[in-house]
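Numbered per the numbering used here, the sequence shown spans residues 26 to 275.
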Amino acid sequence: FLGAEPVVSPLGLVTKHKFDSDGAITATKKRVILDCKRSRANELATSSHRLLLPRPFHAIDNVLAIQRSLQARRKRRRAPDLDLEMVIADFVDAYWAIPPHATERRFQVARWRGKWIVFLRTGQGARESSLTWGMISAMVGRLGQSLYDESELLLQVYTDDPWSVVAGTLQEREDAIACILSLWMILGLGVAYHKAVRGQDVVWIGIRYTLRPSGVDVSVNPDILDEVKRSVDKMLMHNRVPVAELRRLA
Numbered sequence: 026f027l028g029a030e031p032v033v034s035p036l037g038l039v040t041k042h043k044f045d046s047d048g049a050i051t052a053t054k055k056r057v058i059l060d061c062k063r064s065r066a067n068e069l070a071t072s073s074h075r076l077l078l079p080r081p082f083h084a085i086d087n088v089l090a091i092q093r094s095l096q097a098r099r100k101r102r103r104a105p106d107l108d109l110e111m112v113i114a115d116f117v118d119a120y121w122a123i124p125p126h127a128t129e130r131r132f133q134v135a136r137w138r139g140k141w142i143v144f145l146r147t148g149q150g151a152r153e154s155s156l157t158w159g160m161i162s163a164m165v166g167r168l169g170q171s172l173y174d175e176s177e178l179l180l181q182v183y184t185d186d187p188w189s190v191v192a193g194t195l196q197e198r199e200d201a202i203a204c205i206l207s208l209w210m211i212l213g214l215g216v217a218y219h220k221a222v223r224g225q226d227v228v229w230i231g232i233r234y235t236l237r238p239s240g241v242d243v244s245v246n247p248d249i250l251d252e253v254k255r256s257v258d259k260m261l262m263h264n265r266v267p268v269a270e271l272r273r274l275a
C-alpha cells in the first residue's frame with residue numbers, strides 16, 4: 026500500500042487560548058498536527074517554486090479601487106443605496122483537505138496507541154500540505170474572482186482565509202456573497218460559518234480594516250496587542266526567558 030518503508034511522524038496538539046480584558050482564558054482552540062518536522066520528513070520534501078501570499082496593502086488597494094468604481098456607479102445610476110462591505114469566511118480543515126499522490130503516502134504515517142495510521146490526506150504540519158493547499162487555494166481564488174467584475178467584488182486568499190470586498194445594493198451584495206460561498210461548497214471545501222463575518226469593520230490576518238466613505242483605516246488587531254502585552258509582562262517577572270517564548274513573541 027505504501028510502496029516503501031514508512032517515515033513515521035508523531036502526532037502533536039497545538040493549543041491556542043483566547044483571553045478577556047482581565048487576562049482570563051475564555052476559549053481554547055485545539056488543533057491536531059502531523060509533526061513532520063520532528064520526524065524530519067519535511068527535510069525530504071522539495072519545492073520548485075515559492076508561494077506568494079497577499080499582504081495587508083493588497084486588501085487596501087482593493088478597497089480603494091472598488092471605492093473609486095462605486096463612486097462612478099453612483100454618479101451614473103444616481104442610486105444612494107449603493108454601498109460596500111467586507112466578507113471573511115475561512116475554510117475548514119484546509120490543510121487536511123488534499124489527498125497526496127500514492128507515492129507520498131509513506132510520509133503521511135503516524136502511530137497511535139499501538140495502531141498504524143496512514144493519512145489519505147496531506148496532514149497539517151507536513152510541508153507537502155502547505156504546497157498542495159497553496160496551489161489549490163490559488164486556483165480557488167482565481168476561479169472565484171473570475172465570476173465577478175472588478176467593480177463588483179475583489180478577492181484575496183491568505184492560505185485558508187479568504188477575504189473579499191463587495192460593492193452594490195444590499196441585494197446585489199447578498200447575491201454575490203451567497204454565490205461565492207456556494208462555489209466553495211460545490212468544490213468540496215468546508216466553510217466555517219460559525220466564524221464568518223461581514224461588515225465595514227473586520228479583522229483579517231491580524232490587521233483590522235475599517236471602511237470610511239473615501240478610504241480605509243488600518244490598525245493592528247487589538248487582540249494581538251493585548252497578547253503581546255501579556256507576554257512581555259510575564260517575561261518581566263523573571264530573570265530568564267526561554268528562547269521558545271522569545272521566538273514566539275518575535
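Backbone N, C-alpha and C define an ideal beta-carbon position, used for all residues, glycine too.
Note that the structure is a prediction, hence the values are computed from the model and not measured.
Relative to the alpha-carbon of residue i, which residue among the options has its alpha-carbon at the smallest distance?
i	options	result
V191	G231, G169, D185	G169
V143	L156, S155, P124	P124
D186	S162, R167, I205	S162
V182	S176, S171, V165	V165
D60	V243, I232, E153	E153
P79	R223, I232, L250	I232
A221	Y234, L206, D251	L206
V245	D174, V253, S239	V253
L27	D258, H126, M160, L172	H126
L36	K140, H42, F116, E129	K140
S5	Y218, E199, G159, L208	Outside the displayed range of the chain (26 to 275) lies residue 5, so it cannot be described from this structure.
R198	A119, Y120, R130, G224	G224
T128	M210, A70, R136, L38	A70
D86	R102, W137, V241, V257	V241
Y120	T184, R272, D47	T184
Indicate whether residue i and residue j have their beta-carbon atoms separated by less than 8 Å.
i	j	result
E270	M260	yes
L214	A114	no
V32	V112	no
I58	Q149	yes
R98	S176	yes
A201	L178	yes
T277	K62	An answer regarding residue 277 cannot be provided, because it is not within the stretch 26 to 275 covered by the chain.
F132	A66	yes
V117	A203	no
L107	T194	yes
G159	L274	no
F44	D174	no
How many whole angstroms separate the CB atoms of residue i and residue j, which I take to be in contact at a CB cut-off of 8 Å?
i	j	result
L109	Q92	7 Å
W229	A52	That belief does not hold up - the Cβ atoms of W229 and A52 are roughly 20 Å apart, past 8 Å.
V243	P81	6 Å
S34	S64	4 Å
So, is the C-beta of residue i closer than 8 Å to a C-beta in chain D?
i	result
S34	Although the question refers to chain D, the structure presented lacks it and comprises just one protein chain.
Any idea if residue i is buried or exposed, counting beta-carbon neighbours within 10 angstroms, 16 or more meaning buried?
i	result
L145	exposed
T157	buried
V88	buried
T147	buried
A151	buried
S72	exposed
S239	exposed
R130	buried
A29	exposed
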